[in-house]
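If you read the sequences in order, they're chains P and S.
Taking UniProt numbering, the leading residue of the first sequence gets 1, the next gets one more, and so forth.
Taking UniProt numbering, the leading residue of the second sequence gets 1, the next gets one more, and so forth.
For reference, the structure is listed below as structure tokens.
Number of protein chains: 2
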Amino acid sequence: MSDLAPFEFRIHSRDGHARTATFTTPHGTVQTPMFMPVGTQGSVKGISAQELTEIKSQMILGNTYHLMLRPGAEMVAAHGGLPGFTGYPGPFLTDSGGFQVMSLGHMRKISEHGVVFKSHLDGSLVELTPERSVEVQQSLGADVIMAFDECPPFPAEVPYIRASLERTVRWLERCLNAKTRADQALFAIVQGGIHPELRQQSLDATLPFQTPGFAIGGLAVGESKDEMFPAVAYTARGLPENKPRYLMGVGHPEDLVAGIALGVDMFDCVYPTRTGRFGYALTDDGRLNMNSAAPRQQLIPIDPDCDCYACTHHTRAYLAHLVKAEEMLAPRLLSLHNLRYLHRLVERARSAIRAGEYQAWASEWGERYFRTQATTQTWAGPLPAWFARAVRGED
Amino acid sequence: MSDLAPFEFRIHSRDGHARTATFTTPHGTVQTPMFMPVGTQGSVKGISAQELTEIKSQMILGNTYHLMLRPGAEMVAAHGGLPGFTGYPGPFLTDSGGFQVMSLGHMRKISEHGVVFKSHLDGSLVELTPERSVEVQQSLGADVIMAFDECPPFPAEVPYIRASLERTVRWLERCLNAKTRADQALFAIVQGGIHPELRQQSLDATLPFQTPGFAIGGLAVGESKDEMFPAVAYTARGLPENKPRYLMGVGHPEDLVAGIALGVDMFDCVYPTRTGRFGYALTDDGRLNMNSAAPRQQLIPIDPDCDCYACTHHTRAYLAHLVKAEEMLAPRLLSLHNLRYLHRLVERARSAIRAGEYQAWASEWGERYFRTQATTQTWAGPLPAWFARAVRGED
């Protein structure tokens with residue numbers, strides 16, 4: 001149990017490295033492992049706040065970079081923070097803005113003080129520092145806020161990653177000094193790329209700050225899954241047992257199933273909404289391409305086991321027609337289904353953990369999921385090695 | 001009362017030419033006057049079937065031209081018709097396909113037999129005749145189906161309009177001969193442009209068929225409101241009292257208020273969803289431009305009296321932010337509000353008719369609505385002459 005009221009992280013069951021827990025925040029108690037939909041600019045693309053509640057979303061991610069530029073943190077604060085601004089009454093998490101700023105490439109300049117970047121909206125110069133990131137995140141009012149860090153590009157040289165993670169630790173200290181609100185939990189971020197020794201260095205320097213949660217950053221930025229998951233395993237193992245662990249920017253269904261096996265509690269990714277906008281529907285049988293001819297003839301739901309609005313009201317034929325006709329309702333309903341799919345996936349994972357059957361459940365899920373993928377992709381066997389290792393809890 | 005079970009049109013109150021009624025169809029009883037959202041390709045753009053029910057939509061319009069080309073009438077029939085295909089369980093109305101085909105211009109060729117046109121999807125040649133239109137509309141399964149007519153362009157020469165409306169009457173007879181389903185009501189369409197003598201000729205030739213409802217066609221195609229509303233008044237006055245009257249492709253809020261005064265019962269238009277996609281919100285104070293700077297600072301709903309999801313959950317500032325950020329949720333929520341605005345407008349109109357205060361209510365509504373419009377447009381006075389005349393029930 002974390003000792004930082006009003007936040008409490010209480011583990012209820014364990015199965016290998018996987019665990020179920022409740023995480024209490026000022027805006028509500030959430031069940032972990034959980035997937036957080038991404039509400040980049042104050043909306044999860046195409047989805048209403050009411051629908052987020054209906055599909056049992058728990059915590060929504062907001063992007064500091066986007067919101068500080070537009071509409072500005074003050075406007076969000078004038079609504080009482082993200083719940084009032086967006087209409088979603090539950091908990092939020094904001095990132096620090098660091099990741100988006102870093103990905104601006106030559107548009108930004110990093111120094112010890114912080115980062116100066118050109119706004120993608122009007123080209124004006126904007127500065128983001130640890131202190132400014134915390135200030136903005138305090139205005140946005142999320143329950144969980146993130147330390148301002150650098151996420152190095154992939155690949156990067158070891159000396160660069162080392163210098164970067166050391167600066168990230170100094171920035172963490174500045175963030176904690178800048179923070180004044182007691183109703184927000186600031187999570188530190190462990191960096192170190194795919195190098196165990198750098199991950200260990202980052203862990204050693206970060207854990208002493210005893211923040212109420214820790215994120216695994218710097219992954220899913222271009223490395224292969226064979227490189228990524230050992231780094232997840234190594235880092236998760238080094239994090240304290242009694243604090244939530246958040247794998248940032250991940251992921252696909254298979255990443256959630258593997259990450260949970262390695263002890264990850266929180267995930268976020270734009271994947272379900274983005275792939276929905278491209279006409280794809282997530283299922284246990286892999287990703288269904290609604291742009292193809294077959295679904296246009298199928299008078300069955302995307303997934304008969306799914307309780308989302310699209311699956312309980314519409315056939316594949318209707319939804320595939322909407323995709324083909326480029327009707328706005330198509331990306332909306334596919335995004336809704338895909339979010340619900342990931343929420344149901346973590347719900348099933350929690351049940352399997354509680355039953356002490358996580359490894360068996362995850363393997364069975366993977367055998368069905370990857371078998372179907374194998375018809376269109378080139379897996380060596382029924383389960384990719386990285387997935388099988390992760391499900392067994394190994395690096 | 002119409003004598004064609006399962007259809008019944010029962011007038012409950014009258015106020016001048018305006019009236020309230022219930023129209024019973026196989027898929028439900030609707031209250032008139034009513035506005036019908038347009039579900040062109042099987043979806044009201046951006047809006048779910050459940051939301052259509054929530055905002056108290058009554059009857060939804062489907063487009064025969066679009067649906068016959070994609071997904072094809074057979075696929076809709078395989079779902080049991082439009083309710084099963086779209087998930088909206090209430091009544092539907094389908095147009096005949098004529099209007100869209102005519103608007104293809106040089107892409108189509110009209111003869112006594114019917115129209116041959118090039119599909120806008122793949123350029124293939126497709127034929128639409130009165131018989132084929134009815135066959136397709138029987139597959140689509142709407143409660144109300146429309147006679148296959150020609151809607152002449154505006155302006156057109158009197159001899160052309162006369163020849164066209166005479167052919168439309170011959171096509172009406174062919175439609176009625178082709179119709180086999182007893183659970184669909186076929187409405188005839190009165191043409192004649194803006195010429196009283198041609199409207200009278202069309203009325204004289206059409207009314208003897210005693211269809212269960214009549215539409216006023218050929219308007220809102222480019223003529224001014226000063227030209228259009230006298231034609232509406234003249235035609236509505238010539239239609240039987242005991243049958244529903246449908247003014248096709250209309251309209252804007254002011255058109256509904258004026259048309260109801262002239263005895264119109266049914267309206268449809270893409271305007272509320274289209275203007276919503278362009279970032280405009282309908283209100284009693286005129287059309288609110290959510291692309292402008294002012295709403296981005298306003299912590300109030302679009303309309304405090306509106307009970308739609310957007311108005312009960314979101315500020316103008318949030319919605320205007322979504323518009324500016326080009327978030328998909330913006331056209332969705334503005335379309336929802338605009339549809340609800342028109343539904344609330346006809347609900348208020350029905351109340352005023354029942355209270356015997358329609359003219360006073362319509363004038364008061366118009367004085368507020370047009371005063372605001374006058375700040376950006378060039379009205380001669382507080383009420384445009386066409387509107388004032390229509391509200392008084394005059395040509």
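Ideal Cβ positions, reconstructed from N, Cα and C, are used throughout, including at glycine.
**Contacting residues, own chain, Cβ-Cβ under 7 angstroms from Ser2 (chain S) (five flanking each side not counted)** = Any reading at Ser2 (chain S) needs caution, since the residue's pLDDT is 45, under 50, leaving its predicted position unreliable; the model's value is listed next. Closer than 7 angstroms at Cβ, skipping near neighbours: Glu8, Phe9, Pro212, Asn242 and Lys243.
**Cβ neighbours of Leu128 (chain P) in the same chain (closer than 6 angstroms, five flanking residues each side left out)** = Gly97, Val101, Gly114 and Val115
**Prompt:** Counting only beta-carbon atoms, is Lys56 (chain S) nearer than 9 angstroms to chain P?
**Reply:** no
**Cβ contact (3+ pairs, closer than 8 angstroms) linking the stretch 67 to 85 of chain P and the stretch 293 to 310 of chain P** = no
**Request:** Answer yes or no: do Tyr341 (chain P) and Ala281 (chain P) have a C-beta to C-beta separation smaller than 9 angstroms?
**Result:** yes
**Cross-chain neighbours of Glu327 (chain S) in chain P, by beta carbon under 9 angstroms** = Thr40, Gln41, Gly42, Ser43, Lys45 and Gly46
**Message:** So if I threshold CB-CB distances at 9 angstroms, which residues from the stretch 83 to 110 of chain S count as touching chain P?
**Reply:** Gly84, Phe85, Thr86 and Gly87
**Request:** Determine the chain S residues that contact Gln298 (chain P) at a beta-carbon separation under 8 angstroms, and present them in chain order.
**Result:** Per Cβ cutoff of 8 angstroms: no residues; Gln298 (chain P) is ~11 angstroms from chain S at best.
**Request:** Let me know the secondary structure DSSP gives Arg162 (chain S) once reduced to three states.
**Result:** helix
**Message:** Can you list, in chain order, the residues of its chain with a C-beta nearer than 7 angstroms to that of Leu336 (chain P)? Leave out the 5 residues immediately preceding and following it.
**Reply:** Ile47, Glu51, Ile55, Cys308, Tyr309 and Ala310
**Message:** Please return the same chain residues whose Cβ sits closer than 7 angstroms to the Cβ of Val44 (chain S), not counting the five positions on each side in sequence.
**Reply:** Pro37, Val38, Leu52, Ile60 and Thr273
**Message:** For Arg70 (chain P), would you say it is in contact with chain S, using Cβ-to-Cβ distances shorter than 9 angstroms as the test?
**Reply:** yes
**Close beta carbons around Ala380 (chain S), own chain, < 8 angstroms, minus the five adjacent residues each side** = Here Ala380 (chain S) scores only 49 on pLDDT, less than 50, and its place in the model should not be relied on; the value that follows carries that caveat. Correct list: empty, nothing qualifies.
**Request:** Just tell me which of S:Gly62, S:Met328, S:Pro301 and S:Lys179 has its CA closest to the CA of Asp268 (chain S).
**Result:** S:Gly62
**Prompt:** Name the chain P residues that come within less than 8 angstroms of Arg316 (chain S), Cβ to Cβ?
**Reply:** Chain P residues near Arg316 (chain S): none, gap ~11 angstroms exceeds 8 angstroms.
**Prompt:** Between Gly222 (chain P) and Pro152 (chain P), what straight-line distance do the alpha-carbon atoms span, to the nearest angstrom?
**Reply:** 11 angstroms
**Prompt:** Can you give the Cα-Cα distance for Ile189 (chain S) and Gly90 (chain S), rounded to whole angstroms?
**Reply:** 23 angstroms
**Request:** Following the continuous alpha helix (DSSP H) through Gln31 (chain P), name the residue where it begins and the one where it ends.
**Result:** Segment Gly28 to Thr32 is the beta strand (DSSP E) holding Gln31 (chain P); no alpha helix (DSSP H) there.
**Asked** Where in the stretch 202 to 264 of chain P do unbroken runs of the alpha helix (DSSP H), each at least 4 residues long, occur, reported from the N-terminal end onward?
**Response** 225 to 238 and 253 to 261
**Request:** Using 10 angstroms around the beta-carbon of Asn338 (chain P), count the other beta-carbons present and answer buried if the total reaches 16, otherwise exposed.
**Result:** buried
**Message:** Let's test the definition: count the other Cβ atoms within 10 Å of the Cβ of Glu157 (chain S) and tell me whether it reaches 16, buried, or not, exposed.
**Reply:** exposed
**Residues bridged to Ser13 (chain P) [DSSP beta-bridge criterion]** = P:Thr20
**Message:** With H, G and I counted as helix, E and B as strand and the rest as coil, what does DSSP make of residue 407 (chain P)?
**Reply:** In this structure chain P extends from 1 to 395, so residue 407 (chain P) is not present and cannot be described.
**Asked** Can you tell me the Cα-Cα spacing of Leu172 (chain P) and Val134 (chain P), whole angstroms?
**Response** 10 angstroms
**Request:** Starting from the C-beta of Gly238 (chain S), find all residues in its chain whose C-beta is less than 6 angstroms away, skip the five residues before and the five after it, and write them out in chain order.
**Result:** Leu203
**Item:** Residues sharing a beta bridge with Glu289 (chain P), DSSP
**Value:** Correcting the residue type first, residue 289 (chain P) is Asn in the shown sequence and not Glu. BP columns for Asn289 (chain P) point to P:Tyr280.
**Prompt:** Counting contacts by CB-CB distance shorter than 9 angstroms, is Pro331 (chain P) in contact with chain S?
**Reply:** yes
**Item:** DSSP bridge partner residues for Thr129 (chain S) (one or two, in chain order)
**Value:** None, per the DSSP bridge assignment.
**Message:** On the DSSP letters alone, give me the boundaries of the alpha helix (DSSP H) that Leu67 (chain S) sits inside.
**Reply:** Thr64 to Leu69
**Supposed close pair Met228 (chain P), Ile260 (chain P) - CB separation, criterion 8 angstroms** = Contact doesn't hold; Cβ gap of about 15 angstroms is too wide.
**Request:** Return yes when the Cβ of Leu247 (chain S) is within less than 9 angstroms of the Cβ of Val257 (chain S), no when it is not.
**Result:** no
**Request:** Could you have a look at Gly39 (chain S) and say whether DSSP puts it in helix, strand or coil?
**Result:** strand
**Asked** Along chain P, which residues have their Cβ under 7 angstroms away from the Cβ of Met75 (chain S)?
**Response** Ala317
**Residues near Ala49 (chain S) by beta carbon distance below 7 angstroms, same chain, minus five either side** = Thr86, Gly87 and Tyr88
**Item:** Test item: CB-CB of Arg296 (chain S) and Ala320 (chain S) under 9 angstroms
**Value:** yes
**Message:** Suppose you measure from the CA of Tyr363 (chain P) to the CA of Leu140 (chain P); what does that come to, to the nearest Å?
**Reply:** The amino acid at residue 363 (chain P) is misidentified as Tyr; the sequence shows Ser. Rounded to the nearest angstrom, the two C-alpha atoms are 40 angstroms apart.
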